[in-house]
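As given, the protein sequences belong to chains P and A, one line each in that order. Position 91 of the first sequence, counted from 1, bears residue number 91 in the working numbering, the numbering being contiguous throughout. Position 235 of the second sequence, counted from 1, bears residue number 1235 in the working numbering, the numbering being contiguous throughout. Ideal Cβ placement from N, Cα and C applies to all residues, glycine included.
Protein chains: 2
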Amino acid sequence: MELNERKTRILEAIIRNYLETGEPVGSRTISKYEELHLSPATIRNEMSDLEEMGYILQPHTSSGRIPSDKGYRFYVDRLMQDKEREVADMHEMVVQKADELSELLKQVARLLADNTNYAAMISTPQIHHNKLKFIQLSKVDVDQILAVIVVEGNIIKNKMIRVDGEMDADTVLKLNLLLNTHLNGLSLEDINLGLITLIKERAGIHSAVVASVIDAVAEAIRADEDLEIYTSGANNIFKYPELTDKEKASDIISTLEEKRQFGKLMRESLQEAAEEGGTGTGIQVYIGDESPIQTMKDCSVVTATYELEDGMKGMMSIIGPKRMDYEKVAKTLKTLQTQLDALYKKT
Amino acid sequence: MELNERKTRILEAIIRNYLETGEPVGSRTISKYEELHLSPATIRNEMSDLEEMGYILQPHTSSGRIPSDKGYRFYVDRLMQDKEREVADMHEMVVQKADELSELLKQVARLLADNTNYAAMISTPQIHHNKLKFIQLSKVDVDQILAVIVVEGNIIKNKMIRVDGEMDADTVLKLNLLLNTHLNGLSLEDINLGLITLIKERAGIHSAVVASVIDAVAEAIRADEDLEIYTSGANNIFKYPELTDKEKASDIISTLEEKRQFGKLMRESLQEAAEEGGTGTGIQVYIGDESPIQTMKDCSVVTATYELEDGMKGMMSIIGPKRMDYEKVAKTLKTLQTQLDALYKKT
DNA sequence: AATTAGCACTCATACAAATCGAGTGCTAAC
DNA sequence: GTTAGCACTCGATTTGTATGAGTGCTAATT
Chain P
1 MELNERKTRI
11 LEAIIRNYLE
21 TGEPVGSRTI
31 SKYEELHLSP
41 ATIRNEMSDL
51 EEMGYILQPH
61 TSSGRIPSDK
71 GYRFYVDRLM
81 QDKEREVADM
91 HEMVVQKADE
101 LSELLKQVAR
111 LLADNTNYAA
121 MISTPQIHHN
131 KLKFIQLSKV
141 DVDQILAVIV
151 VEGNIIKNKM
161 IRVDGEMDAD
171 TVLKLNLLLN
181 THLNGLSLED
191 INLGLITLIK
201 ERAGIHSAVV
211 ASVIDAVAEA
221 IRADEDLEIY
231 TSGANNIFKY
241 PELTDKEKAS
251 DIISTLEEKR
261 QFGKLMRESL
271 QEAAEEGGTG
281 TGIQVYIGDE
291 SPIQTMKDCS
301 VVTATYELED
311 GMKGMMSIIG
321 PKRMDYEKVA
331 KTLKTLQTQL
341 DALYKKT
Chain A
1001 MELNERKTRI
1011 LEAIIRNYLE
1021 TGEPVGSRTI
1031 SKYEELHLSP
1041 ATIRNEMSDL
1051 EEMGYILQPH
1061 TSSGRIPSDK
1071 GYRFYVDRLM
1081 QDKEREVADM
1091 HEMVVQKADE
1101 LSELLKQVAR
1111 LLADNTNYAA
1121 MISTPQIHHN
1131 KLKFIQLSKV
1141 DVDQILAVIV
1151 VEGNIIKNKM
1161 IRVDGEMDAD
1171 TVLKLNLLLN
1181 THLNGLSLED
1191 INLGLITLIK
1201 ERAGIHSAVV
1211 ASVIDAVAEA
1221 IRADEDLEIY
1231 TSGANNIFKY
1241 PELTDKEKAS
1251 DIISTLEEKR
1261 QFGKLMRESL
1271 QEAAEEGGTG
1281 TGIQVYIGDE
1291 SPIQTMKDCS
1301 VVTATYELED
1311 GMKGMMSIIG
1321 PKRMDYEKVA
1331 KTLKTLQTQL
1341 DALYKKT
């Protein structure tokens, strides 16, 4: 069967109406849309077809129709862009630059949640492409050395290293120089085992102590899974009855709390954004089962990548019911993308 | 009216039963407790008295009784200790020392939640009593200086300082020395404005640049409200029907998410623990409205202070229904108190 | 051939009445 | 002082009934 012009319009009307009300929509309701000039009976026939084709479904015999996942997908892919011009009057969101990146991201998460009335999350940017700017070892205690590692974008990592034996101030100084000359300017992913071995050699066969310190530093550099995730607006899901029963709510809440579950989503999302190339907006929509996170099967998840200076890419996303206002969400995400971008360009 | 032996036992039976079932408990139920040898009718008379005295109440005419806040309070204060011996077979929880304090605390929060089936939170320790161990300024970029501040207990603070003018390496070095000689060994709260002014003077009237850097460092030191709070097990509240209606659940979830709301609770709790003196266990119980957090009025909150080496005190707490298993919760908190303590003593 | 009106049918929802039963308070007997 | 007995209360559950939104199908209309 073919999805002709009229079917498309009816499908759109059904979905739009359902997005607004959250209630199954019947033929009579649709027949009232003037553009169509169709009687309920005709609509019913078309609906029957649409159901057969999998775009809509009935929660129970003889009730109105609701969009299926496939229906939402069609809506997002085909119908939404056409209407983009309609969305206009969203006021700009204001992001204040925070001292700490983490504060900034928390703020963004909150903005996303407050503006959309859905739950929001945002991750810290990935930094393995970033270049190492500076390393400093300092002797803090008799047996402790503090390594401070600064990466492009002013991401700072600290690592307290406990040394087994003695290590005099002079050695520390020398090590500092050595590490900086060899590693500065390299991107984190380029700092590999071979390089580390080389540095150890250069350091002389001094002692196991020195080697262990170098290892510790290398480990700190490699541990770029300092990926933090901030969430906001979890309570918003209570605004949507279809997500509020014990089971579902509990699932969603715990996913939001167990932030690391988002790792998978993030990887996939960044991946897809990359494949899409420079042209796209970097916005992905996962409807129900499409989501890489099993527990999100009753929700839709809209993700967007953002980019700070120096190509640090992170991800933010909105989690809401399938009948979320996709247009508004997309617009909101885009606005924040732009603002984050601008914020870091200027300074 | 006097709360005699028999009334006490009946009250205890009522509360215990309610804690188990979550249902109002009637006279017949209580009469089955063999220790009492009383008929339902007698129990009813006693219940009537207990209600008049405010320890229990009826959700509606002619239904069983449930404990009032006052009843819970009595239970926690008088009845619980007597039975402490009964609680025995809780297996020890294992805390692995994590590299980062934050990881450790997240782990503890999770343990608390998993073991009790309630929601849990834990704060980072307060450090204003702690002594400054080490300051290091490093020139990272032409116009950027990184300040690393290490506090007793190996708490590390980073602050990126943007300088307006130029600052040569020599000045940085000199400043390093100056700051360390003046500040090392002082507790954070002792570093006041006078001291900062003194240092500025010693630095010479070099330039506004130097002064601004010193100010920035001072600010970083003073900003000990790096208070972080980690939560776990928010979804556990769905296990208790009395907390699961939209309104209440939403309140609780958002309080858990808006972690800073716990600030008040934390201050009060540490305060009370301090007043209690060294003898107490540092465990506080807030029942319903007793809680300093308004949104927690339908829950009970049990807090415990913990202490890492060097007197860094933090707080952890369990949030659950009023009918939570207070004994188990107290035991769990104590166990973790002890384990945290031990963990830092050893190393 | 496409559209529409009409009709019988389905089923969630709301509502009221009926019933049940756990629990109470009170009184009288023990 | 304790207990048995009884009338009474009131939430919860069940049952029956009506309502209405919605459907699918068929026959009439355009």
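Residue-level contact to chain P via CB, residue i, 7 Å cutoff
i	result
Ala1220 of chain A	no
Glu1228 of chain A	no
Ile1122 of chain A	no
Met1090 of chain A	Confidence at Met1090 of chain A is low in this model, with a pLDDT of 47, below 50, so the placement of that residue should be treated as unreliable; the coordinate-derived value is given next. Met1090 of chain A does not count as touching chain P.
Tyr1344 of chain A	no
Per-residue contacts from residue i into chain P (C-beta, under 8 Å)
i	result
Phe1134 of chain A	Ser138, Val140, Leu146
Thr1231 of chain A	Glu257
C-beta neighbour in chain A for residue i, strict 7 Å
i	result
Ala169 of chain P	no
Ile161 of chain P	no
Ala234 of chain P	yes
Val87 of chain P	Note that Val87 of chain P scores 46 on pLDDT, short of 50, meaning its location in the model is unreliable; the coordinates nonetheless yield the value given after this. By this cut-off, Val87 of chain P is not an interface position.
Val213 of chain P	no
Phe238 of chain P	yes
Arg151 of chain P	Before going on, a small fix: residue 151 of chain P reads as Val here, not Arg. By this cut-off, Val151 of chain P is not an interface position.
Strand pairing of residue i, partner residues [DSSP]
i	result
Gly1263 of chain A	Paired residue(s): none; Gly1263 of chain A is not in a bridge.
Pro321 of chain P	P:Cys299
Thr1231 of chain A	A:Met1121
Tyr1286 of chain A	A:Val1301
Met1312 of chain A	A:Leu1308
Contact set between residue i and chain A, taken where Cβ atoms lie within less than 9 Å
i	result
Asn154 of chain P	Val1140, Asp1141, Gln1144, Leu1146, Met1160
Thr295 of chain P	Those within 9 Å of Thr295 of chain P in chain A number zero; the least Cβ separation is about 11 Å.
For this session: Quick one: which unbroken alpha helix (DSSP H) runs of 4-plus residues sit fully inside the stretch 1024–1072 of chain A? Chain order, please.
Result: 1027–1031, 1040–1053
Exercise. If you scan the stretch 1099–1163 of chain A from start to end, which runs of the alpha helix (DSSP H) of 4 or more residues do you find wholly inside it?
Worked result: 1101–1116
For this session: Check each residue of the stretch 1100–1115 of chain A: if its Cβ is closer than 7 Å to any Cβ of chain P, include it; give the result in chain order.
Result: none
For this session: With 7 Å as the C-beta to C-beta threshold (strictly closer), list the residues of the stretch 1263–1287 of chain A near chain P in chain order.
Result: none
For this session: Below 7 Å between beta carbons is the criterion; list the residues of the stretch 241–256 of chain P that meet it against any residue of chain A, in chain order.
Result: Thr244, Lys246, Ala249, Ser250, Ile253, Ser254
Exercise. Unbroken alpha helix (DSSP H) runs of length 4 or more, entirely within the stretch 162–215 of chain P: which are they?
Worked result: 169–183, 193–202
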